[in-house]
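K.L.:
Residue numbers (this note's numbering): 13 to 1013.
(1) Apply the 10 Å Cβ neighbour rule to residue 842 and answer buried if 16 or more other Cβ atoms are within range, or exposed otherwise.
(2) Assign residue 825 to one of three DSSP states: helix, strand, or coil.
(3) From residue 722 to residue 137, what distance separates their C-alpha atoms?
(4) Excluding sequence positions up to five away, which residues of its chain have a Cβ less than 8 Å from the Cβ of residue 690?
(5) Closest to residue 146 by CA distance: which of 165, 118 and 124 is it?
(6) In angstroms, rounded to a whole number, what distance separates the CA positions of residue 1002 and residue 894?
(7) Quick one: what's got a C-beta closer than 7 Å to residue 511's C-beta in the same chain, skipping five residues either side?
(8) Would you identify the three-state DSSP class for residue 1003, choosing helix, strand or coil?
(9) Output yes or no for whether 8 Å exceeds the beta carbon distance between residue 558 and residue 919.
(10) Residues in its own chain within less than 6 Å of residue 248 by CB, not counting five upstream and five downstream?
(11) Could you check if residue 338 is buried or exposed, using at least 16 other CB atoms within 10 Å of its CB as the buried criterion?
(12) Return helix, strand or coil for residue 134, following the three-state DSSP convention.
(13) List the whole-angstrom C-beta distance separating residue 73 from residue 414, where the pair is believed to meet the contact cut-off of C-beta under 8 Å.
(14) Could you check what DSSP says for residue 299 in three-state terms: helix, strand or coil?
(15) Check whether the Cβ atoms of residue 77 and residue 205 lie closer than 8 Å to each other.
(16) Just reading off the alpha helix (DSSP H) that residue 367 is part of, what are its end residues?
(17) With a threshold of 7 Å, establish whether the CB of residue 241 neighbours any heavy atom of the ligand ZN.
(18) To the nearest whole angstrom, what separates the beta carbons of residue 289 and residue 366, a pair I think is in contact under 8 Å?
(19) Is the stretch 950-967 close to the stretch 528-547, with three or more CB pairs under 8 Å?
(20) Give the range of the alpha helix (DSSP H) segment to which residue 716 is assigned.
(21) Can you check whether the CB of residue 518 is closer than 8 Å to the CB of residue 490?
(22) If you check the beta carbons only, do residue 302 and residue 325 fall under 8 Å apart?
(23) Kindly list the residues whose CB is nearer than 8 Å to the CB of residue 587, restricted to its own chain and excluding five residues on each side of it in sequence; keep chain order.
(24) Taking a contact to mean a Cβ-Cβ separation below 8 Å, would you say residue 12 touches residue 584 in this structure?
(25) Less than 8 Å between C-beta atoms, sequence neighbours within five positions excluded: which residues of the same chain meet that for residue 647?
(26) Span of the alpha helix (DSSP H) holding residue 658?
(27) On the premise that residue 450 lies in contact with residue 545, defined as a C-beta separation below 8 Å, what is that separation, rounded to the nearest angstrom?
(28) Can at least three beta-carbon pairs, one atom from the stretch 86-101 and one from the stretch 167-179, be found at a separation below 8 Å?
(29) According to the neighbour-count rule (16 or more other Cβ atoms, all chains shown, within 10 Å of its Cβ), is residue 304 buried or exposed?
(30) Of all the options 644, 683, 649 and 654, which has the alpha carbon lying nearest to the alpha carbon of residue 666?
(31) Just list the residues that DSSP pairs residue 772 with in beta bridges.
(32) Between residue 999 and residue 679, what straight-line distance do the alpha-carbon atoms span, to the nearest angstrom?
(33) With distances taken between CB atoms, is the gap from residue 245 to residue 184 smaller than 8 Å?
(34) Apart from the five residues on each side of it in sequence, which residues of its chain come closer than 7 Å, Cβ to Cβ, to residue 819?
(35) Which residues in the same chain have their Cβ closer than 7 Å to the Cβ of residue 1009, if we skip the five residues on either side of it in sequence?
(36) Which ranges does the alpha helix (DSSP H) cover as unbroken runs of at least 4 residues, wholly within the stretch 78-102, from first to last along the chain?
This is the structure:
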């Protein structure tokens, strides 16, 4: 193997200056290239010219082989991979890959499908000619190895001897990280053409799969912004505010919910090819971070996988360091805990999921960069990046490709080991039920939220997790509750479930039709990671969420069962078709009653039949059976009953036909005019809300804060304005916008044809005081302003939400966790369908206190004196007077009236009862009752605080959410808090204010 690095040590600065390299250097490079007629001379010279320093090159990538028939990136794109002044569009990358495949029998291109906006995602396979001709055979081998239940050990050994490991590389997930699609084009060419021993070994022993651009929509928008920057070098380039159609950076947090097209396409690729390694390429830190992680490592992963992270990372760090690359390191960045990352789709399928982070410049230019703290030496980074560097996109390509080639060569050299490890991981996963446990998870039939239950089961199946349905009733023993954890104050909930467990050994009965997720299946570890609860110590440093339990997040009952006898229950494989019911509506029925259980299917019924009259009962009533407030009543007069029955057959709602419409106060259940308000600072959370509303069929109009003032009377346009969190921007930023300067356009033009989702001529303006006044006028005129997270903080700080304060949360640490909330006011339409408690997702959102006077939260302590701490103090020289009993206040007066206050001083500041905030959800009073899954420190500060508050204003309402009810398409259990408010927007005042307490005579 050539050693270009050794040559560079002799000639320290051959390339990379803005001025031309010295004559001697040019001559030396020319002589070196001339000595290798198998190289593409022009391309090789361009590599060295685009690399800013010889120490950023290795002998693996300091050249490119020539081919008389296969086109190089330079031949197609006019520039080398990573060359200055060029970014390739997603279609251009796909076209290049197809050009290589057309010219080489060693390459094939497959289509994975389209993005939300219709752009194609592809998958490229590279291997030697014989392997490419037999891809179906090799794919069948890895498929057989993926399920050890279907083959004997002898069969597995024979397949391992015949098979070839599959290594899946993905790039372009995060759109500002622009280098990997360029690198992957060159890598595919190199693997197809080069005849060095290393490349031949890879080609003959590994099937390399490549998806060069995952986020194809965002890639093309990034290319547009580069073209804008080229055309307008004198002004700032607009920020990349929309990446994909819905979300930005969170496209790498969708591996649980699989709501995005790119996630589903990758999952399908994994299910089709069964690779042994998935390797995702990112660009955020210098110079090359190879993933292993600091911990805590995900507790449900097989230790062999964690060991493989370390093994692969250390080997690549050592070899790249030996080749002279500065700044290659591992460990001290990512943690290894949460399963939401894209490569977790592979980890869940018993493959090794891993990633690189390299130093990206965003634009294809050479920049002077100050590295920062990553340039400091540490035990895990003995060869740190340089503190200051002149960095090019080509340097990034060099690092990525050098590391990937070493990784591929290691797998090629140990091809049978990787196949055997894959098979063994599957065997160990199947053995899990009877070894470490649990044996299964059981989701009881008959629980309230059948639509959310069906959707969760379908999601598990989409992941490849097998779900079974019990054919008869069964019982299993459940253990006594474990000893409470420190600080849990006796929480006896069985891990993984939302239902209580017995406090002594006993048996639990489950009805026929209950759902069983067996832990003796190949994907048991993924199922366990999703369905179990999480506990993270407060001192841990987490990279993302601490808790994600999918049953809790959907407000479902899930039981973790350790007794292996559950595996003997008669059962059948479940499919969504088993839940569809045949319904017929009797012509004698006068109405349907639909119990409201805060299930997403109720919203789907509303939006599926827009013309259907649906009413909401405002009080409990009896119609043969008892029905709660919030029950939906559907009068059947004039209704097409067969069409309605067909719609209901596809939903899982508790529907009862009754002879007539019950006599009970009602209000309409209507789809109003909804505006979804976003800033131009961040649109990511707004994207998740858009996705949820679209899934439920709720129409909306996107509105930017910069447009509000110009829209006129908002109440004439909208009934509800929903403002999701807006990222790290401050409330004053929302009002003021970006700093003044030349316009920052975000609009489709001939120069930027891919910008869009929402458009503007200038992103700089904010809401402004005129826009703020318009929002206030909208609410006073009867509109509803739903403000979530940072938007709720904005509503309080800007005076839209009156008589509410932001609670001081100093000392609280809650890292993306599921906490218990209690329903304070079940008469509010927002709370219809919920039980007395529900799980909510909480991260860094605000919590609230209500009132105009500070509450006495400081514990009263007696002065030093006689007796003990519980004895009264006795002043001397006068008769003893015991302290008075504190008066019992009307709950509505808490926070507004001081018992010792004089009325003439307090009454001017006392709002009318109807105008006082209505606390709908709050945290439990007991500190130990808060945490359900994840991490919580300082729960005492949160205990009893308000979480969801309805603030009346004029004829309308400002509704504050401290939790995020629509987080990453994973928290369907709290979606109804939003949809209840939307579909009953004109009637949120039902039950408010409560009547004053009666005064005893």
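Glycine included, each C-beta is placed from N, C-alpha and C at the ideal position. Please read all numbers here as calculations on a predicted model, not as lab measurements.
P.N.:
Looking at the atomic coordinates:
(1) Here residue 842 refers to the residue found at position 830 when the chain shown is read from its first residue. Residue 842 is buried by the Cβ-count criterion.
(2) Residue numbering aside, residue 825 sits at position 813 when the chain shown is read from its first letter. Strand, per DSSP.
(3) Sequence index remark: in the chain shown, residue 722 carries index 710 (1-based). Sequence index remark: in the chain shown, residue 137 carries index 125 (1-based). Rounded to the nearest angstrom, the gap between the Cα atoms of residue 722 and residue 137 is 53 Å.
(4) Along the chain shown, read from residue 1 onward, the residue named residue 690 stands at position 678. The residues 698, 714, 715, 716, 717, 735, 736, 738 and 770, in chain order, have a CB closer than 8 Å to that of residue 690 in the same chain once the five nearest residues on each side in sequence are set aside.
(5) Translated into the one-based positions of the chain shown, residue 146 becomes position 134. Of 165, 118 and 124, the smallest CA-CA separation from residue 146 is found for 118.
(6) In the chain shown, the residue the question calls residue 1002 occupies position 990. In the chain shown, the residue the question calls residue 894 occupies position 882. Distance between the alpha carbons of residue 1002 and residue 894: 44 Å.
(7) Position 499 of the chain shown holds residue 511. Summary for residue 511: the model assigns pLDDT 44, below 50, so the residue's position carries little reliability; its value from the coordinates is reported in the next sentence. Contacts found: 569 and 571.
(8) Mapped onto the chain shown, residue 1003 falls at position 991. Correct three-state label for residue 1003: coil.
(9) In the chain shown, counting from the first residue as 1, residue 558 sits at position 546. In the chain shown, counting from the first residue as 1, residue 919 sits at position 907. Taking a C-beta distance under 8 Å as the contact criterion, residue 558 and residue 919 do not qualify as a contact pair.
(10) Counted from its first residue, the chain shown places residue 248 at position 236. Non-local beta-carbon contacts of residue 248 in its own chain, meaning distances under 6 Å to residues more than five positions away in sequence, are absent.
(11) Position 326 of the chain shown, counted from the first residue, corresponds to residue 338. It is buried - the Cβ of residue 338 has at least 16 other Cβ atoms within 10 Å.
(12) Residue mapping note: residue 134 aligns to position 122 of the chain shown, counting from 1. Per DSSP, reduced to three states, the secondary structure at residue 134 is strand.
(13) As a first step, residue 73 is located in the chain shown; it is residue number 61 there, counting from the start. As a first step, residue 414 is located in the chain shown; it is residue number 402 there, counting from the start. Contact holds; Cβ gap of about 5 Å.
(14) Position 287 of the chain shown holds residue 299. Looking at residue 299 - three-state DSSP - the assignment turns out to be coil, as it is neither helix nor strand.
(15) Position 65 of the chain shown, counted from the start, is the residue given in the question as residue 77. Position 193 of the chain shown, counted from the start, is the residue given in the question as residue 205. In this structure, residue 77 sits near residue 205, with a CB-CB distance shorter than 8 Å.
(16) Within the chain shown, residue 367 is the residue found at index 355, counting from 1. Element bounds for residue 367: not the alpha helix (DSSP H) but the beta strand (DSSP E), 364-370.
(17) Within the structure as shown, the ligand ZN is missing, as the structure has no ligands at all.
(18) Residue mapping note: residue 289 aligns to position 277 of the chain shown, counting from 1. Residue mapping note: residue 366 aligns to position 354 of the chain shown, counting from 1. Their Cβ separation, rounded to whole angstroms, is 7 Å, which keeps residue 289 and residue 366 in contact under 8 Å.
(19) Below 8 Å, too few C-beta pairs join the stretch 950-967 and the stretch 528-547 to call them touching: fewer than three.
(20) One-based indexing of the chain shown puts residue 716 at position 704. From DSSP, residue 716 is part of no alpha helix (DSSP H) but of the beta strand (DSSP E) over 713-716.
(21) By 1-based counting over the chain shown, the position of residue 490 is 478. By 1-based counting over the chain shown, the position of residue 518 is 506. Closer than 8 Å, so yes.
(22) Position 290 of the chain shown holds residue 302. Position 313 of the chain shown holds residue 325. Against a cut-off of 8 Å, the Cβ pair of residue 325 and residue 302 comes out as a contact.
(23) For the purposes of this step, residue 587 is taken as the residue at position 575 of the chain shown. Within the same chain, residue 587 has close Cβ partners 473.
(24) Because the chain is modelled from 13 through 1013, residue 12 falls outside the range shown and cannot be assessed.
(25) To locate residue 647, count along the chain shown from 1; it is residue 635. Around residue 647: 602, 603, 625, 627 and 673.
(26) For the purposes of this step, residue 658 is taken as the residue at position 646 of the chain shown. It spans 653-661 - the alpha helix (DSSP H) in which residue 658 sits, taken as one unbroken run.
(27) Counting from 1 along the chain shown, the entry for residue 545 is found at position 533. Counting from 1 along the chain shown, the entry for residue 450 is found at position 438. So it is not a contact: roughly 12 Å between Cβ atoms.
(28) With a cut-off of 8 Å on Cβ pairs, the stretch 86-101 is not in contact with the stretch 167-179, counting fewer than three such pairs.
(29) Looking up residue 304 in the chain shown gives position 292. In summary, residue 304 is buried, with 16 or more beta-carbon neighbours lying within 10 Å of its beta-carbon over all protein chains present.
(30) As a working note, residue 666 is residue 654 in the chain shown. Considering only alpha carbons, the answer is 644.
(31) The residue given as residue 772 occupies position 760 in the chain shown. Assignment of beta-bridge partners to residue 772 by DSSP yields 758.
(32) In the chain shown, residue 999 corresponds to position 987, counting from 1. In the chain shown, residue 679 corresponds to position 667, counting from 1. Whole-angstrom Cα-Cα distance: 7 Å.
(33) Here residue 245 refers to the residue found at position 233 of the chain shown. Here residue 184 refers to the residue found at position 172 of the chain shown. By the CB criterion at 8 Å, residue 245 and residue 184 fall outside the cutoff.
(34) To locate residue 819, count along the chain shown from 1; it is residue 807. Around residue 819: 859, 860, 861 and 957.
(35) Position 997 of the chain shown, counted from the start, is the residue given in the question as residue 1009. The answer, listed in chain order, is 902.
(36) Taken in chain order, the complete alpha helix (DSSP H) segments of 4 residues or longer contained in the stretch 78-102 are 85-89.
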